[in-house]
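Participant:
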Amino acid sequence: MAKDKKKKPQRPKAQNPRGFRDYFGAEVTERNAMLSRITEVYHAYGFDPLESPAVETVEALGKFLPDVDRPNEGVFAWQDDEDWVALRYDLTAPLARVYAQYRNELPTPYRRYSVGPVWRNEKPGPGRFRQFYQCDADTVGTPTVAADAEICGMLSDALEAVGIECGDYVVRVNNRKVLNGVMEVAGILDLSEPERFTTERGIVLRAIDKLDRLGPDGVRALLGKGRKDESGDYTDGANLSDEQTDIIMNFMDARRDDGAATCVRLRELVSASEIGMTGVLELETIAELSEAQGYGSDRILIDPSVVRGLGYYTGPVFEAELTFEILDEKGRPRQFGSVAGGGRYDDLVKRFTGQEVPATGISIGVDRLLAALREKSFKNNSEAGPVLVTVMDRDRMVDYQTIVAELRNAGLRAEVYLGNPKNFGNQLKYADTRNAPVAVIQGSDERDRGVVQIKDLALGKALAANIQSNEEWKAQPAQFEVARAELVDAIKKMIERANG
RNA sequence: GCCGACGUAGCUCAGUAGGUUAGAGCACUAGAUUGUGGAUCUAGGGGUCCCCCGUUCGAGCCGGGGCGUCGGUACCA
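Each residue of the first sequence is one higher than the one before, counting from 0 in numbering that gives the first Met the number 0.
1) Check whether the segment 220 to 238 touches the segment 274 to 281, counting contact only when three or more Cβ pairs, one atom from each stretch, lie closer than 8 Å.
2) Please list the terminal residues of the continuous alpha helix (DSSP H) segment that includes Gln100.
3) For the alpha helix (DSSP H) that Leu372 lies in, which residues bound it at each end?
4) What beta strand (DSSP E) runs, 3 residues minimum, are completely inside the segment 442 to 476?
5) What is the rounded straight-line gap between the Cα of Thr56 and the Cα of Asp82?
6) Run through the DSSP bridge pairs and tell me what Tyr233 is partnered with.
7) Quick one: give me the first and last residue of the beta strand (DSSP E) that Ala157 is part of.
8) If the criterion is Cβ atoms closer than 8 Å, does the pair Ser296 and Gly258 meet it?
9) Can you tell me whether DSSP reads Ser289 as helix, strand or coil?
10) Does DSSP put Val390 in a helix, in a strand, or in coil?
11) Taking C-beta to C-beta, are Leu49 and Val97 nearer than 8 Å?
12) Does the distance from the CB of Asp455 to the CB of Ala430 come in under 8 Å?
13) Considering only DSSP beta bridges, list what Asn120 is partnered with.
14) Out of curiosity, what's the CA-to-CA distance linking Lys329 and Asp208?
15) Looking at C-beta atoms only, is the number of pairs between the segment 337 to 345 and the segment 190 to 198 that lie closer than 8 Å three or more?
16) For the alpha helix (DSSP H) holding Phe479, just list the boundary residues, first then last.
17) Mind checking whether Tyr41 and Ala136 have CB atoms under 8 Å apart?
18) Considering Cα atoms alone, identify which of Lys428, Ala413 and Gln100 is closest to Asn419.
19) Can you list, in chain order, the stretches of the beta strand (DSSP E) that have 3 or more residues and sit fully within the segment 156 to 230?
20) Measuring alpha carbon to alpha carbon, tell me which residue in Val316, Leu280, Asp366 and Glu445 is nearest Arg395.
Right under this line is the structure:
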């Protein structure tokens, strides 16, 4: 083909790198509003804000050492002189570093919250990005279960503070020690040989975590021989015997009507295991404390089927789940599922100091929670636009800029039209696309008479709902005239009325 | 990682037994109409038809390979 007819410049593709996305207008303001409500709750519980850099040394992040072959596995890492550094992949590892570094100056227990983006160098999936927000609160330096119970209560408060009502969510609590007890009873945990059966335990953990998605039969398959999914992919199972599988399945099914009854059932299941009994005791304490603070089982629920997939938890684990259903675009019911998770991890700081530092905390999945809120509030993501000051005479920009400055000084969001003012209609079209509530118009005629025209665009739009023909539309100006001096007050009133 | 669908303008998509200069709607820009918003008219800009190799006189279309997007599944500090 004769492609050489005209030499064309190679244009850069206007596209973000895979796994990263852009956030516009309301997406950003809504998220900010949500985060500030959550952090207010954290703050009220006595937690201090902490802002640490987005970049940490790879050494401090742990686990992923600068392997020459694949230094970027999991994280975005690069070499800074001799040292390897990386973007943080969560907010917990930086906390461990900060606590170890400043342990002499920080109070113990140290309670802090942290909000910000984190990065993971992984293949992005549906709804999963390589940059996303986390909103964490952790208590470092105390082993008391009261700290865990407090985190659960605080999570409950935070969810209600952002507008999720009691009954539309539940904080489910379990304890890894109970699970370990069950595995001990099932014969896949031997405390004298902790390394044995690590693979099996990992599979069991992840299998239980998938209960809601795969159902009991799917989990049973994963505990036994393994499972083949619809796409033909095969997942290895833990190869447990039927008896062992039953023990695990009984455990997942141990939930009763209230925390006390569930704990009674758990005692039966793990009575042969010391660590299991310790775990049950902790669960009972959490249930008791929660109850005493007014969080009934409609808010905080002991649920043995919660395990969290991750391996580093050592005690209580929590998960907040939204329970209301949403119909997707095809009318099928869909659940939002987990929006926050956390638990106790007692070994993170040890890497730095050599001392055991128990810690417990929670991480809220900001983007998921935001999506849920948006669905629930009927996607009102049409943010109010600015007041638009139109340009009738292009050599009177000074006048228009004066008006806009007055509006801004009065606390109103406002802008002057900066496009080509030649076609006045285009200015109002622009106001429409900006979702502007009001347009201000002043031509030479109005200027001479010391007045301005105020056009109520929101009202006009509302009136237009019943309008069929273009003539009728034109006949409803939804517009009035005020003295120039009263401009700001008039608009202020209009906007207040519209909001109110 | 594995399975599947898809890849043509900024967006949504047409297209053809392989055949000149690849189209539409929306969006954008500019002019008709010298001061009034949703569907007035006209014109214009904008494309390596995902990339490479092959078949062919000729490939957006056919074949092979690759990359990417989306969905499912696995993994996830």
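Heads up, the beta-carbon is just placed ideally off N, CA and C, and yes, glycines get one too.
Facilitator: In this structure, then:
1) Verdict: no, contact absent.
2) Thr91 to Gln100
3) Val365 to Lys375
4) 450 to 455
5) 7 Å
6) Lys227
7) No beta strand (DSSP E) contains Ala157, which is instead part of the alpha helix (DSSP H) from Val144 to Ala160.
8) yes
9) helix
10) coil
11) With contacts defined as CB atoms closer than 8 Å, Leu49 and Val97 qualify as a contacting pair.
12) no
13) Per DSSP, Gly73.
14) Note that Lys329 scores 46 on pLDDT, short of 50, meaning its location in the model is unreliable; the coordinates nonetheless yield the value given after this. For Lys329 and Asp208, the distance between alpha carbons rounds to 27 Å.
15) no
16) For Phe479, there is no enclosing alpha helix (DSSP H); the enclosing beta strand (DSSP E) has its first and last residue at Gln478 to Ala482.
17) yes
18) Lys428
19) 168 to 174 and 225 to 227
20) Glu445
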